[in-house]
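Residue numbers (this note's numbering): 1 to 300. Cβ coordinates follow ideal geometry from the N, Cα and C atoms, glycine included. No experiment lies behind these values; they were computed from the predicted model shown. Step one of this worksheet: look at the structure below.
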DNA sequence: GCATGTCAAGTTGTG
DNA sequence: CACAACTTGACATGC
């Protein structure tokens with residue numbers, strides 16, 4: 001069975017996630033900052049619950065939680081912990097509901113920390129911030145029962161082996177809570193599946209295969225072979241594999257193929273995936289509509 | 001109301 | 001050298 005996953009936000013569904021910025025918060029007294037943050041965090045956890053309900057109602061088996069669910073949590077000036085917030089108990093209660101709903105309905109939850117998280121950096125400050133942010137993601141993941149914290153390696157700085165070594169060393173700075181959830185994903189500028197599969201094997205963590213990135217940055221390994229290796233790595237941990245797919249906004253023939261299209265072109269869906277038991281996150285701008293359309297196009 | 005500029009963080013490739 | 005792209009626009013401000 002193929003399990004399709006939604007990413008972060010919705011196109012048509014009235015499910016919204018709120019945000020705020022450090023600049024805005026800085027203008028408020030601490031008390032007001034915490035009140036504002038409390039409202040946002042509570043609203044966002046309620047939105048995750050709605051997203052899960054929508055998924056359950058529509059046969060969608062995975063949801064990627066927006067990274068800034070608790071906005072500015074790790075910020076050096078305006079950061080906070082849940083217990084600082086007036087609605088801390090309510091927020092934790094919502095998270096507990098998300099966790100049990102997820103378990104009952106078998107919906108997988110993942111997190112995808114953004115590009116500022118660079119475990120391969122040679123700058124101590126960057127690594128420190130990255131660890132900090134990943135630890136926040138770990139706390140969030142534990143609260144809501146998210147299984148995966150998926151990251152890119154980041155910079156290669158002109159020397160991939162050395163950068164991967166740094167990443168592997170910095171991996172051990174992370175708590176078990178984060179290490180047990182961390183996965184690596186191939187990107188479209190530096191690290192290919194061939195680069196990452198051995199590293200993942202060494203670190204004992206799974207590999208998330210993004211086929212669009214692979215097509216933008218090929219490594220000579222076929223899609224079928226890469227899929228197979230990804231599947232066996234996940235099977236080693238007794239877990240269901242995770243794939244990502246998207247289509248190029250302007251097609252493969254003209255311009256930059258990296259920007260994502262609104263929908264998935266069924267031609268871009270690899271035939272070798274059809275018979276697998278895997279989770280496939282649909283990275284398309286039309287969001288839930290793209291998942292529905294793809295199911296129709298593939299005759300599912 | 002609506003248009004517009006801004007928002008914590010990193011790295012890379014393109015024009 | 002500026003800017004877009006990346007998993008993703010939303011929010012605050014000012015007219």
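- Residue 22 is a Cβ neighbour of residue 72, given a cutoff of 8 angstroms.
- Pairing residue 269 with residue 289 gives a Cβ-Cβ distance that is not under 8 angstroms.
- Residue 231 is not bridged by DSSP to any residue.
- Only residues of its own chain outside the window of five on either side were considered, and among them 63 and 107 have a CB closer than 6 angstroms to the CB of residue 55, listed in chain order.
- Spatial neighbours of residue 165 in its own chain (CB-CB distance under 7 angstroms, excluding positions within 5 residues in sequence) are not present.
- For the pair residue 232 and residue 61, the Cα-to-Cα distance works out to about 21 angstroms.
- Taking the Cβ atoms as the reference, residue 208 lies roughly 15 angstroms from residue 117, outside the contact range of under 8 angstroms.
- Using a Cβ distance threshold of 8 angstroms, residue 48 and residue 98 count as a contacting pair.
- Beta-bridge analysis with DSSP links residue 150 to 183.
- Apart from the 5 residues on each side of it in sequence, residue 84 sits with its Cβ closer than 6 angstroms to the Cβ of 34 in its chain, given in chain order.
- Sorting 282, 120, 253 and 234 by C-alpha distance to the C-alpha of residue 158 places 120 at the top.
- The criterion of a C-beta distance shorter than 8 angstroms is not satisfied by residue 286 and residue 265.
- Taking C-beta atoms as the reference points, residue 52 and residue 95 fail to come closer than 8 angstroms.
- DSSP places residue 209 within a strand segment (E or B) once states are collapsed to three.
- For residue 48, no beta strand (DSSP E) segment is defined; the enclosing uninterrupted segment is the alpha helix (DSSP H) at 30-57.
- Of the residues assessed, residue 296 falls on the exposed side of the cut-off, its CB having fewer than 16 other CB atoms within 10 angstroms.
- Rounded to whole angstroms, the Cβ separation of residue 44 and residue 69 is 5 angstroms, and the two are in contact under 8 angstroms.
- The residues 131, in chain order, have a CB closer than 6 angstroms to that of residue 173 in the same chain once the five nearest residues on each side in sequence are set aside.
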